[in-house]
Each structure stands twice: as C-alpha cells, then as structure tokens.
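Numbering (the working numbering), first residue to last: 4 to 751.
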C-alpha cells in the first residue's frame with residue numbers, strides 16, 4: 004500500500020515537473036563547426052533552469068527545454084555573450100492605454116511565449132517587441148493583447164507620428180463638440196439642459212467611458228476611471244435631482260469633460276509634434292533617364308540626378324558632377340561640404356548648389372538616415388531605474404484616490420449631513436488627481452533629450468545610457484582615430500635588410516589599418532597575406548616571409564638584436580629587417596575637451612593597441628594615463644565600469660564591456676553598432692556628459708512636479724482648506740494641465 008502511495012506521489016511529482024517545462028526553438032547565427040556547437044550548447048546549459056539542449060549545426064538551430072520561470076531574454080543573452088547571434092524579429096504595437104497602465108501591458112506581453120524583450124513608451128503609447136519568429140509573430144502578440152481586453156494594433160515602421168496625429172485629431176474633434184455645446188448648456192436649465200449635455204457627456208467623453216470599462220474588464224483603475232466616474236456621478240445624479248425638483252449639475256459635468264479634453268488635446272498635440280521631429284522624409288528621386296520615382300524604390304546600382312536645392316535621395320557615391328552639400332541634418336556640422344567625384348553622399352542631405360549624378364550603393368531601408376531614425380525610436384523606449392518605482396506607485400495611485408474620495412464623502416456627510424455637498428467634495432477629489440503626469444514624467448524627458456541630441460549630431464542608440472552616464476567617473480579613450488586624426492607619418496626608419504621597407508609597403512597595401520596609409524605604394528607582388536588584429540600583419544612578398552607589427556609581436560616570431568627600438572618592426576625571413584618611428588596629430592578640440600573633463604573630476608585614460616612613442620607623447624601632452632600594446636580583450640577589461648570612446652574594429656569589444664560605449668561617427672560600422680551613443684568627434688564628449696546630467700535633472704523635475712501637484716491638489720479638492728476649495732470642473736482643468744506642464748517642461 005505504501006509502495007503504491009509512493010509511486011502515485013512520484014507520478015504526480017513527475018507530472019508536475021512536466022507541466023512546468025517549456026520548449027523553445029531558436030535560430031542561431033554564426034555557427035561554422037562542431038566547436039561552435041559545443042560552445043553554444045555549453046552557454047545554454049549554463050543558464051539556470053535550462054534542462055536540456057540540442058544544437059544542430061546543419062539547420063543552425065537549437066532546441067531548448069527549460070522550466071517555465073526561465074526568461075527567453077536570458078537564453079538569448081547567453082548565446083550572444085558566447086559570441087553568436089540569435090535570429091529574432093522586432094515589431095511595434097500601438098496600445099490604447101493611459102501612460103500609468105503601460106507597465107502592466109508590458110508585463111503581460113513579456114509573459115507571452117516567444118517574447119524576448121519589450122520596451123514600452125508611455126508617452127507615445129507604443130510597445131517595441133523583440134520576439135522569436137520560430138514561436139510567435141507580432142500579429143499573434145497583438146491578437147493576444149486584444150483578447151485580453153486592450154485595443155492594440157500593429158504599427159508600420161516609421162508610422163508612429165501618423166498614429167499620434169490621428170489621436171490628436173480625434174481628441175480635437177471631441178473637444179470642439181464640447182466647446183460648441185457648452186455655452187448652450189450653461190445658459191439653459193431643466194430638461195433642455197439635460198438634452199444639450201448629452202453630446203458632451205456621451206460623445207466628447209466617450210474615450211474616458213470606454214477606457215473606464217476596459218480598465219474594469221482588466222480589474223484595473225486609471226485616469227479614465229477617475230474622469231468617467233466623476234462626470235457620470237454628476238450627470239446621472241442630476242437626472243435624479245431633475246425629477247426630484249432639486250439643483251442639477253449637468254453644466255458641471257459638461258465643463259469637467261470639456262476642461263479635461265482641453266488638456267488632453269494639448270498633450271496629444273505635444274506628443275505628435277515631439278515625435279514628428281524625428282522621421283524619415285518622403286524623398287522623390289529623378290533617374291538619369293528622367294523618370295521620377297520614390298526614393299524607397301531605389302536599388303543598388305541605380306543612377307539618380309540631383310539639382311540645386313533638391314534632397315539627395317539615397318546613400319551612394321558621386322559618379323559625376325560637383326556641388327556644395329548641406330549635411331547638417333545628418334552630421335550636425337553647420338558648414339556645407341564641397342563634393343567631387345568619388346565622394347560619399349548621404350540620403351537626406353541637401354544640395355545647396357551644383358549638379359550631381361549619384362551612384363546608389365545602399366537601398367533606402369538600409370540608408371544612414373533610415374537607420375538613425377529607427378535607432379532613435381528605440382532609444383525613446385529607454386527605462387531609467389527610478390521609473391520602476393514610479394510604475395509601482397502608479398499602479399496603486401488610482402485605487403488610493405478612490406479610497407480618499409470615499410473617505411472625503413464620509414467625513415463631509417458626517418459633518419454636514421448634506422448628501423449633495425459631500426458628493427461634490429468627493430467628485431472634486433476624483434477629478435483633481437492626475438496619475439498621467441507620473442506616467443509621462445520619464446518618457447517625455449527622454450524623448451525630448453534624444454531629439455535635442457540628434458539635432459546636435461549626437462545619436463543615442465540606447466536611451467538607458469543617459470542614466471548610466473551619471474554613474475561613471477573614469478573615461479577610457481582609444482587613441483588612433485578617436486583622439487588623433489588617424490593619419491600617421493613615418494618620421495624615421497632604419498633598414499637592416501635591403502628592400503625591407505619596400506616589402507613592408509607592399510604588405511601594408513593589403514591592410515585597412517590607419518598605420519598602413521603611412522607607407523608608400525609598392526609594386527612588389529604579395530603572394531599571401533594574413534592579419535593579426537591588434538598586433539600586426541604577415542605575408543610572403545617576392546619570395547620572402549615578411550612580418551610587420553608591434554615590437555612585442557615581432558619579437559615572438561623573429562630574431563631581434565638587443566638595443567633595437569622603434570614603433571614598428573619589420574621582420575624578413577626571421578631576421579630584423581627594419582625599424583620604423585611614427586608620428587600622428589591630435590584632432591581639433593581634443594586638448595580642450597580633455598581639459599574640460601578633467602576639470603569636472605573625471606579620470607582620463609588612453610587605451611591603445613599601439614606601442615609607439617607617439618602614445619606616450621600624447622599622454623604627456625594631455626596629462627593623462629596611457630596603456631599601450633593592449634589587445635581588444637585587455638581594452639575591454641580596462642573599460643569595464645567606465646565610459647569608453649573609440650572608433651575602430653578593435654574597439655567594439657571594449658564598447659560592449661564598458662558601462663557606456665561611445666562611437667565616433669568617422670569610425671567603422673561595427674564600432675557604431677556596438678556604441679550606446681554615436682558622436683561626430685571627440686569635441687562632443689563634454690556635451691555627452693552634460694546630456695546625462697541634464698536628462699537626470701529633467702526626469703527628477705518632472706517627477707517632482709507630478710508628485711507635488713497631487714500632494715497640493717488633494718487637500719484643495721477634498722475641502723481640507725475650506726472655504727478655499729476647487730469645485731469639480733476646475734479640479735478637472737487643473738488635472739488636465741498637469742500632464743501638459745510635464746510635456747512642455749520636457750521641451751525646455
């Protein structure tokens with residue numbers, strides 16, 4: 004009998020274990036061999052809660068069995084940390100909820116199968132969802148939200164401003180109806196007043212009533228709850244009072260809704276205007292044969308014609324002609340740039356004067372302007388740590404107000420015995436409270452700062468970095484291309500093997516490293532070439548084995564006599580062939596920027612893979628610490644918990660490891676993709692630090708206003724200071740302008 008009981012308990016336990024397990028199938032990018040499979044498998048198995056893993060090289064996929072409490076986000080992060088990619092998709096969903104409810108919607112979506120990460124923007128009412136396309140789709144997620152009682156729609160890329168414009172127009176129409184009818188409501192009485200107030204109550208106020216019902220369906224409470232309850236209490240009690248021959252409040256209910264709409268319409272307009280500051284413009288392109296097409300239809304290899312005053316329609320290269328181009332929208336540089344054949348052209352720039360024939364190199368959806376806009380829209384969704392506290396407060400705010408309203412009614416009824424007066428005090432409390440300002444305080448501040456930075460040529464890829472900027476006290480700078488122009492010159496060389504410099508020049512001709520440009524062109528034939536990132540290059544030139552690189556790297560592979568010095572060594576057939584000394588120039592504004600940062604108390608460190616004396620000279624000139632001959636991994640170790648600024652391929656790892664990574668826009672694409680922020684040059688670094696401080700200050704000011712307003716208004720509305728008291732309609736007006744003030748203050 005005991006055995007049966009034990010067996011039954013075991014079966015029940017196994018059944019429960021099976022219930023809590025879930026399976027995910029992932030598409031893995033970057034696997035090339037059995038070693039890759041082992042690495043990915045090991046990374047996945049190290050995630051707490053993962054039970055079993057099956058990685059398939061042939062299909063580039065992984066099947067993961069894990070407990071139900073494991074987040075897909077952690078699984079994806081583990082694969083990426085191992086150096087591989089997980090194929091995910093992204094989509095934007097517009098949800099018709101109030102700012103204070105957005106955190107609950109985000110939590111709901113995050114709990115859905117296949118969802119990796121959700122970034123919400125209460126200010127715009129959008130969710131940016133990263134999901135596993137093997138498990139779900141953006142349409143499926145949207146449908147699940149709709150089934151949960153939320154009005155959700157999939158947004159096309161770049162259409163956010165259209166949705167916000169539509170929201171503004173709808174609110175404006177409802178407001179105009181209220182404004183048109185309100186005078187008649189105020190001038191009439193009795194049944195006529197009841198009839199005239201119906202359009203205001205049930206058309207102008209419809210969005211609030213619908214929002215209240217949705218909140219009720221989701222066992223929730225929000226601003227719609229407060230506005231709908233307060234207006235409906237006034238209106239429906241007035242119907243009763245009308246037939247009882249008592250004083251009615253149809254006018255107060257109509258004023259309440261109209262006043263709330265005034266503020267909410269202004270708020271919707273501000274959201275639309277701020278969002279529309281960053282959008283991809285509609286650009287027309289004229290093909291060489293005279294046809295006019297949309298720039299989005301252009302493909303690689305097309306030739307387009309641009310005349311004075313026209314917008315350059317695509318990223319490309321100047322094929323023929325010349326002209327002066329205004330690139331300020333893209334780079335922040337106010338001075339137009341003179342372009343000649345072979346120069347790079349950027350979509351969205353304006354040809355001030357001249358005539359250009361452009362060879363299109365990049366489709367519009369991958370153009371610089373389109374990429375920047377998509378990046379900025381993602382930055383809008385950033386979360387700062389204080390927002391988590393605000394979300395918790397917002398979730399309890401409306402229930403707390405409902406409780407205070409009930410207590411207010413009870414106290415005044417106990418003191419006066421007057422039901423009508425007590426009701427008015429209670430309704431004033433409902434109308435005065437403003438949870439929206441709390442929800443808008445952080446996202447509106449970040450949205451405005453991201454836009455302002457963009458106009459200065461600073462691109463914010465990760466909005467959360469604005470908060471992290473205030474936590475760093477150490478700034479680690481790459482040297483070549485970041486502090487310096489990246490243009491090297493050979494100041495001195497000494498040959499130990501005849502033609503060693505000629506062979507080195509031939510080999511350097513195959514390299515993309517900035518130092519390679521310091522060597523003159525060579526006609527010698529390169530038979531093989533290999534590059535060791537961060538150390539040097541190797542190849543066969545004219546039948547000789549040649550190595551060019553750091554002294555430490557060359558010494559490991561070559562016989563070098565003692566006493567030999569130089570920034571670069573050249574090794575020929577295992578023997579020292581030549582030594583080279585280099586010189587480079589600092590970028591404009593570098594000295595002033597470093598001095599400004601030092602005055603603010605930042606510790607400045609130069610981290611470079613270069614071993615030349617030039618690094619020491621620059622460090623001495625700037626008065627900063629210098630670390631030379633570093634590998635990419637060593638740069639990353641040094642940059643951990645610091646702000647790192649770089650521009651090269653060697654810097655991508657350090658940027659990911661740093662608390663904040665800043666990429667210089669003149670650098671390589673891989674560095675830009677790794678950076679949290681992108682700047683034009685080192686002179687903008689002090690502006691980046693100021694940006695972090697000002698964003699933190701603006702968020703705190705907005706939250707201070709939001710909390711301070713509610714703390715001040717509730718005593719006024721509840722009659723604590725009676726006879727100083729705000730009636731329901733004016734309480735509603737004050738409430739609606741609270742969130743408008745937050746939006747306006749974010750723009751200052």
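All C-beta atoms in this analysis are idealised placements derived from N, C-alpha and C, irrespective of residue type, glycine included. Note that the coordinates shown come from a computational prediction; the quantities given were computed from them, not determined experimentally.
I need the straight-line Cα distance from residue i to residue j, nearest angstrom please.
i           : j           : result
residue 342 : residue 377 : 27 Å
residue 289 : residue 460 : 28 Å
residue 741 : residue 440 : 6 Å
residue 326 : residue 176 : 47 Å
residue 557 : residue 636 : 20 Å
residue 579 : residue 536 : 21 Å
residue 521 : residue 494 : 10 Å
residue 298 : residue 351 : 10 Å
residue 373 : residue 655 : 22 Å
residue 370 : residue 575 : 44 Å
residue 101 : residue 267 : 11 Å
residue 670 : residue 685 : Reliability fails at residue 670, whose pLDDT of 47 lies under 50, so the model's placement of it is uncertain and no value is given.
residue 316 : residue 449 : 30 Å
residue 694 : residue 709 : 22 Å
residue 640 : residue 287 : 48 Å
residue 516 : residue 73  : 43 Å
residue 598 : residue 688 : 11 Å
residue 658 : residue 89  : 20 Å
residue 222 : residue 650 : 51 Å
residue 433 : residue 408 : 6 Å
residue 429 : residue 232 : 11 Å
residue 692 : residue 679 : 13 Å
residue 394 : residue 726 : 35 Å
Mark residue i as exposed unless 16 or more other C-beta atoms lie within 10 angstroms of its C-beta, in which case mark it buried.
i           : result
residue 254 : buried
residue 714 : exposed
residue 418 : exposed
residue 118 : buried
residue 210 : buried
residue 242 : exposed
residue 134 : buried
residue 110 : exposed
residue 624 : exposed
residue 700 : exposed
residue 236 : buried
Please say whether residue j and residue i have beta carbons closer to each other than 9 Å?
i           : j           : result
residue 705 : residue 364 : no
residue 662 : residue 453 : no
residue 702 : residue 273 : no
residue 215 : residue 203 : no
residue 257 : residue 188 : yes
residue 388 : residue 496 : no
residue 438 : residue 247 : no
residue 310 : residue 358 : yes
residue 147 : residue 115 : yes
residue 524 : residue 508 : yes
residue 330 : residue 349 : yes
residue 588 : residue 488 : yes
Which same chain residues end up closer than 6 Å to residue i when comparing Cβ atoms and leaving out the 5 residues on each side of it in sequence?
i           : result
residue 323 : 360
residue 681 : 462, 666, 668 and 675
residue 696 : none
residue 749 : 447, 448 and 451
Using a Cβ-Cβ cutoff of less than 7 Å, which residues in the same chain neighbour residue i once the five nearest sequence positions on both sides are dropped?
i           : result
residue 482 : 609, 611, 613, 618 and 621
residue 43  : 31, 34, 58, 65, 82, 85 and 87
residue 157 : 94, 96, 141, 142 and 145
residue 538 : 552, 553 and 556
residue 456 : 463 and 694
Sorted by chain position, which residues of the same chain lie with C-beta nearer than 8 Å to residue i's C-beta, five sequence neighbours on each side aside?
i           : result
residue 729 : 431, 435, 716, 719, 720 and 737
residue 302 : 363 and 366
Starting from residue i, trace the beta strand (DSSP E) in both directions and tell me its first and last residue.
i           : result
residue 485 : Note, residue 485: premise wrong, no beta strand (DSSP E); not H, not E.
residue 290 : 287-290
residue 124 : 118-124
residue 610 : 606-610
Mind checking which residues open and close the alpha helix (DSSP H) that includes residue i?
i           : result
residue 227 : 226-247
residue 526 : Segment: none, residue 526 is in no alpha helix (DSSP H) and carries neither H nor E.
residue 709 : 688-721
residue 80  : 75-84
residue 439 : 438-458
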